[in-house]
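Some notes on the structure that comes next.
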Amino acid sequence: MGESRKISLSVNGKTYEEEVEVRFTLADFLRQQLGLTGTHLGCEHGVCGACTILLNGRSARSCLMLAVQADGQEITTIEGIAPSEDEMHPLQEAFRDNHGLQCGFCTPGMLTTLIEFLGDNPDPTEQEVREAISGNLCRCTGYQGIVAAALDAAQRLREANGA
Amino acid sequence: MSTARQMDQIKGGVHTDVRHDSAVNHVTGRSVFIDDMPNVPGTLHGALVKSPHAHAVIKSIDLNAARELTGVHAVLVADDIPGRNDVAPIFEDEPILAKGLVEYIGHPIAAIAADSMDIARAAASMVVVEYEELEPVLTIDEALERESYTSPPQIMRRGDSARGISDAPHQISGEVRCGGQDHFYLESHIALAVPQEDRDMLVYSSTQHPTEVQHGVATVLGLPVNAVTTEIRRMGGGFGGKESQSTIIAALAALMADKTRQPVKLRLARDDDMVITGKRHDFLFRYEVGFDDTGRIEGIDILMASRAGNVADLSSSVLVRALCHGDNAYYLPNAHIHGYPCKTNTVSNTGFRGFGGPQGMVAIETVIDHIAQDLGTDSDDVRRANYYDTGDRDTTHYGQKVTDNIITEIVDSLSREIDYPARKAAVAAFNQENTILKKGIALMPVKFGISFNLPTLNQAGALVHVYTDGSVHLNHGGTEMGQGLYIKVAQVVASTFQIDIDNVKISSTNTAKVPNTSATAASSGSDLNGMAAHDAATQIRDRMAGVAAEHFEVDESEIEFRNNRIYARNDSLSFAELAQLTWEHRVSLSATGFYSTPDISWDDETMTGRPFYYFSYGACVSEVVIDTLTGENRVLRSDILQDCGRSLNPAIDLGQIEGAFVQGMGWLTMEELWWDEKGALRTHGPSTYKIPGSRDVPPEFNVHILEDAPNREPTIFRSKAIGEPPLMLALSVWLALRDAVASVGGHGHLPNLDAPATAEAVLMAVADIQERAGDGT
Ligand code: FES
Ligand code: FES
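If you're matching them up, the sequences are chains Z and F in order. Following the numbering used here, the numbering of the first sequence begins with 2 at its first residue and continues without gaps. Following the numbering used here, the numbering of the second sequence begins with 297 at its first residue and continues without gaps.
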């Protein structure tokens, strides 16, 4: 139903030419049309952070964006942050190792938010990490494991970058 | 059971910090939640027509316009239900679609299946319903006044409470309230119903209770239970909200799938989820207490009235648990604790982590505070004077002997660890010096009963297969909602077989594999399913040992399973080799396991018995600061000491404690469900309903698991349940806020501060106490 338009965009390094309904949100497009279901929908009005993706490297809520707005842009989702199929990003490893997850529903949004944050601030304080994820809700963990994972990841990334 | 020495040797045995089994899939986005399952072509999407009135008769429904919309496949109302329109978990007559009468705002009236969610929603807005409005009953107070309940009042009584109160040297009475709480699991309710041959139905449901979903779907469709299968791999959080409520969603999806013969997905958008499905019960408490000069309670009467909502659902069970926890850790010699599940024209409330226990504790902890206030003593001294003890002070008001009491040890150990007396003195000193900011500090002891109150529910089944390559398939009736149940049960199986955990395949909960299960609730998941899986694995291990004994020509007692191998004197086989050999010997490598909790009983008539197999204990001290000009408040520090028995997985348990505490803190401080005068919930999304964020957690948050504390009962590897108990430790935050408010009046008055203690509530309590203290400005 409704009008559609052709868009071209890059998602996780792959180029897509897709016909999308103009009223489709970016989240629905990623999940339903591209089958990238790692981006979760917790509230669909921009408050919970579960649907966070990276738009040209900057975190954005895919439930608040239309797919057509992503035309010509570069998107990274949770499925695209690892260097390869069999490897994980240090942030992913840190979440796994620090028990930074329970049900896992908030996890993709936490990770994408933190990828951007740790890029800007490679050596954050605990307070800064809490600030950075303050727009991402987690109902399970009480955030302790998540904060520990972020700080651990920062250190791993600094070491990897020879800092 | 195996010895500790053996356990050290395999990877992922019990009592080790194994990671969550889905950790890698969660961080890579590969975990499949129901909404992530690839859509079969032809999958339809559901939407619901909801009542805009809290109480009204449906005069007429016009479905024509909705039915004619292109892309709409079914528009269904109560009359279209082929079976019985009833999914009541305990009583009956709890319809999935309103039958002539709507009883709350959001009450589903019609279900629509269409090619897309957009079309389904558009059609929902085209359904025309004519109502005749009736007067709604919206509050506990009104319902109590009218004696309108969803099930009969429940009463626990011991001794002569009236006499105990009147004969005591001191008497007080008072009232306190606590609010409800939305579960706010990040994944809202969802079900995908897929029709099979012969009207059979396969339902993927985000549920803590697959068996009840199976029953509900069968009832609604008019099918025998064996025609319905429920499956769930994982939920994105449950917290009790998916214990009974998911049945409604699943039955609606199944109804649409049955009519259209196409798969139907029904996913509630967040706001609909909050409006349509039940929450934690809010409560009103009224108490009367008599006590001696030390604050020791001699007689107590507590009225506990809950807001059940439009139907009973689990309200009667929630109420029993509230009544059972009206003592918390204190001996009540003469007690009359009476509960009323109030029928209101609001959404039917349901289970939520703690299941009435936390609410019951709000009442008794207020009483303790009030006694201390009345005597001008320290509330911690009053607590100590009332703790359960040995001798004639060891039996609860419902007749259960408390035989595993460690509350004083826990409280003392925590107090020592954090130098509690010095901390209290520092708070008092701060309050001396500051007029605008005021601090408060409080200790909360917790004793929480483990087992479903109803003995029947305390059973579980498991299914274990060993394949000829030595790999193991594990299934049981428990569900995974993030709490780590699957990994804990897998650890049990790994330890039982003495094999690395990587060899144990965890599989989705499925009613066709393990039938007639109980909800994963009441913190009992690992106690019950761990034991059932242990039973299944032990049967297979014993059979394999028999084959090994024959093979090595030794006595079975000489066979030892250790570190992925099976030893007999100097010989050994790998687990895989023995599995192959067992198959060759034509011995079964598959078993069902079963467990039922021993030594529990409950008499519904007298409300007495031994409902709990054991108690879990914990204590927490929290320190807070309030701004007396704005009511703003912060938790500065919390220290927890929690009993986990001999933890199956300390890392998982730590996460449970932290998460439960923060969730409890949210309930008691910031999460406010606000209904308007027409009965509409106005806080129905995260923009208005605030759950704790990363910055709300105490900046200093120390959590310790009690060491060397094996369960005195022979539970699975002597562990203890952990899901719910730590939530109640958050009462320390609320008590500390009350302490801070009390300091404004020089501790001369009891603060009027209910839960949730939002900034607004704190501000009003400060103003109230200033006025009473006569120094208001
Ligand atoms: S789903 Fe986008 S912020 Fe919640
Ligand atoms: S892990 Fe469940 S919401 Fe964060």
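Quick reminder that beta carbons are idealized off the backbone N, C-alpha and C, glycines included.
At the level of alpha carbons, what is the spacing between residue i and residue j?
i                 : j                : result
Glu94 (chain Z)   : Leu112 (chain Z) : 11 Å
Arg159 (chain Z)  : Arg97 (chain Z)  : 18 Å
Phe857 (chain F)  : Gln794 (chain F) : 6 Å
His634 (chain F)  : Leu580 (chain F) : 12 Å
Ile596 (chain F)  : Tyr636 (chain F) : 17 Å
Gly1072 (chain F) : Arg473 (chain F) : Any reading at Gly1072 (chain F) must be qualified, since the residue scores a pLDDT of 44, below 50, and its modelled position is unreliable; no value is offered.
Ala418 (chain F)  : Gly3 (chain Z)   : 13 Å
Glu18 (chain Z)   : Arg62 (chain Z)  : 22 Å
Ala815 (chain F)  : Thr525 (chain F) : 16 Å
Leu482 (chain F)  : Gly591 (chain F) : 44 Å
Phe644 (chain F)  : Phe651 (chain F) : It should be noted that the sequence gives Ser, not Phe, for residue 644 (chain F). Approximately 14 Å between the Cα atoms of the pair.
Asp1035 (chain F) : Thr673 (chain F) : 13 Å
Ala71 (chain Z)   : Leu10 (chain Z)  : 7 Å
Ile953 (chain F)  : Gln938 (chain F) : 8 Å
Gly338 (chain F)  : Val148 (chain Z) : 43 Å
Ala618 (chain F)  : Val23 (chain Z)  : 52 Å
Ala290 (chain F)  : His769 (chain F) : Coverage of chain F is limited to positions 297 through 1073, which leaves residue 290 (chain F) absent and any answer about it impossible.
Leu964 (chain F)  : Phe957 (chain F) : 11 Å
Tyr716 (chain F)  : Ser85 (chain Z)  : 51 Å
Ile8 (chain Z)    : Gly778 (chain F) : 37 Å
Val843 (chain F)  : Arg882 (chain F) : 10 Å
Val314 (chain F)  : Gly951 (chain F) : 12 Å
Ala361 (chain F)  : Thr435 (chain F) : 37 Å
Ala161 (chain Z)  : Pro109 (chain Z) : 22 Å
Ala1055 (chain F) : Ala487 (chain F) : 38 Å
Less than 7 Å separating the beta-carbons of residue i and residue j?
i                 : j                : result
Ile401 (chain F)  : His485 (chain F) : no
Gly981 (chain F)  : Arg566 (chain F) : yes
Ile1018 (chain F) : Asp949 (chain F) : yes
Ala350 (chain F)  : Gly975 (chain F) : yes
Pro1052 (chain F) : Gly475 (chain F) : yes
Leu340 (chain F)  : Val742 (chain F) : no
Gln787 (chain F)  : Gly308 (chain F) : yes
Arg930 (chain F)  : Val921 (chain F) : yes
Glu584 (chain F)  : Ala464 (chain F) : no
Lys538 (chain F)  : Ser502 (chain F) : yes
Asp478 (chain F)  : Lys575 (chain F) : yes
Measuring alpha carbon to alpha carbon, tell me which residue in the options is nearest residue i.
i                : options                                   : result
Gln755 (chain F) : F:Gly1019, F:Thr893 and F:Asn727          : F:Thr893
Ile76 (chain Z)  : Z:Leu55, Z:Gly3, Z:Thr38 and Z:Cys107     : Z:Leu55
Cys916 (chain F) : F:Leu1049, F:Pro994 and F:Glu928          : F:Pro994
Ile306 (chain F) : F:Gly905, F:Asn859, F:Leu964 and F:Asp935 : F:Asn859
Asp317 (chain F) : Z:Leu65, Z:Leu10, Z:Gly105 and Z:Ser85    : Z:Gly105
Glu428 (chain F) : F:Asp382, F:Gly455 and F:Ala352           : F:Ala352
Leu365 (chain F) : F:Ile354, F:Ala458 and F:Asp414           : F:Asp414
Thr662 (chain F) : F:Ser1028, F:Pro988 and F:Gly1041         : F:Ser1028
Ile987 (chain F) : F:Glu1003, F:Leu969 and F:Cys620          : F:Leu969
Gln145 (chain Z) : Z:Val130, Z:Gly136, Z:Ala155 and Z:Cys52  : Z:Val130
Cys64 (chain Z)  : Z:Gly14, Z:Leu102, Z:Leu27 and Z:Asp124   : Z:Leu27
Thr704 (chain F) : F:Ala625, F:Ala722 and F:Asn641           : F:Ala625
Can you pull the chain Z neighbours of residue i, defined as C-beta to C-beta under 9 Å?
i                : result
Ser983 (chain F) : Cys44, His46, Gly47 and Val48
Phe651 (chain F) : The contacting residues do not exist; Phe651 (chain F) stays about 17 Å from chain Z at best.
Glu954 (chain F) : Thr142, Gly143, Tyr144, Gln145 and Gly146
Interface residues of chain Z around residue i at Cβ under 8 Å?
i                : result
Glu483 (chain F) : His41, Gly43, Cys104 and Phe106
Output, in chain order, the set of chain F residues within a Cβ distance shorter than 9 Å of residue i.
i                : result
Glu129 (chain Z) : Under the 9 Å cutoff, chain F gives no residues; its nearest Cβ is about 11 Å from Glu129 (chain Z).
Glu132 (chain Z) : Ser990 and Arg991
Thr126 (chain Z) : Simply none; closest approach about 11 Å.
Met66 (chain Z)  : The premise fails here: Met66 (chain Z) is roughly 17 Å from chain F at the closest Cβ pair, so nothing lies under 9 Å.
Interface residues of chain F around residue i at Cβ under 8 Å?
i               : result
Ala51 (chain Z) : Leu482
Starting from the beta carbon of residue i, find every residue of chain Z whose beta carbon is closer than 7 Å, and list them in chain order.
i                : result
Phe957 (chain F) : Gly143
Ala319 (chain F) : Arg97 and Leu102
His322 (chain F) : Leu102, Gly105 and Thr108
Ala947 (chain F) : His100
For residue i, return the contacting residues in chain F, with the cut-off set at a CB-CB distance below 7 Å.
i               : result
Gln34 (chain Z) : None at all; the shortest Cβ gap to chain F is about 11 Å.
Gln93 (chain Z) : Val323 and Thr324
Counting by C-beta, which residues lie closer than 6 Å to a heavy atom of ligand 1, in chain order?
-> Z:Leu42, Z:Gly43, Z:Cys44, Z:Glu45, Z:Gly47, Z:Val48, Z:Cys49, Z:Gly50, Z:Ala51, Z:Cys52, Z:Arg62 and Z:Cys64
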